[in-house]
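Here's the structure, in structure tokens; my notes come after.
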Amino acid sequence: MSPVHTPREVAEEFFARMEDDRRETVGELFAADAVITVPGARFDGPDAADALLEHLAPRYDWAAKRFDRWIETDTEVVSIGTLYGVDGDGEEFSGVRYVDVYEVEDGRIRRVDIWNDLAVDGVV
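Mapped onto the working numbering, the consecutive letters of the sequence shown carry residue numbers -2 to 121.
Below you can see the structure in the form of structure tokens.
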């Protein structure tokens, strides 16, 4: 893994890995006691990232993000934008709002809270 330092760099590395052939390595970016929340689910501990991937697998063929803005502090970063992709039924979607809040300590994600309108927009 390339060294990443700021919370935004860690979040951007997470996004990049989720969208390419390094998806199975996202767990390297998380602390052993990480907590991940998404609409309707929570994952914690050393296997949180793997549990997240398992949770997402049947929902999308693929999904990606368009970043509208970032809000940063020394230990947190908020990413705001829209999601697009193909759902588990093969239907394209776009323009779905999201907000992700990352807490990063020592270059590792300690907590991420993910909010989005996928259910409201009928994607999942």
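Don't be surprised by glycine CBs; every beta carbon is placed ideally from N, CA and C.
Could you tell me the distance, in whole angstroms, from the CA atom of residue i to the CA atom of residue j?
i          : j           : result
residue 2  : residue 101 : 9 Å
residue 99 : residue 19  : 20 Å
residue 10 : residue 34  : 19 Å
residue 87 : residue 81  : 13 Å
residue 49 : residue 89  : 22 Å
CB residue i to CB residue j, shorter than 8 Å?
i          : j           : result
residue 97 : residue 120 : no
residue 74 : residue 5   : yes
residue 12 : residue 62  : yes
residue 78 : residue 7   : no
How far does the beta strand (DSSP E) with residue i in it extend, from its first residue to its last?
i           : result
residue 47  : From DSSP, residue 47 is part of no beta strand (DSSP E) but of the alpha helix (DSSP H) over 45 to 53.
residue 98  : 89 to 102
residue 3   : Taken as a continuous stretch (DSSP letters only), residue 3 belongs to no beta strand (DSSP E), as it is neither H nor E.
residue 80  : 73 to 84
residue 109 : 105 to 113
residue 39  : 38 to 41
Does DSSP classify residue i as helix, strand or coil?
i          : result
residue 13 : helix
residue 23 : helix
residue 32 : strand
residue 61 : strand
Please determine whether the Cβ atom of residue i lies at a distance below 7 Å from any heavy atom of the ligand FAD.
i          : result
residue 63 : For the structure depicted, the ligand FAD is absent and the ligand set is empty, with no information on it obtainable.
Any 3 or more C-beta pairs closer than 8 Å across the segment 50 to 57 and the segment 65 to 72: Because the criterion of three Cβ pairs below 8 Å is not met, the segment 50 to 57 and the segment 65 to 72 do not touch.
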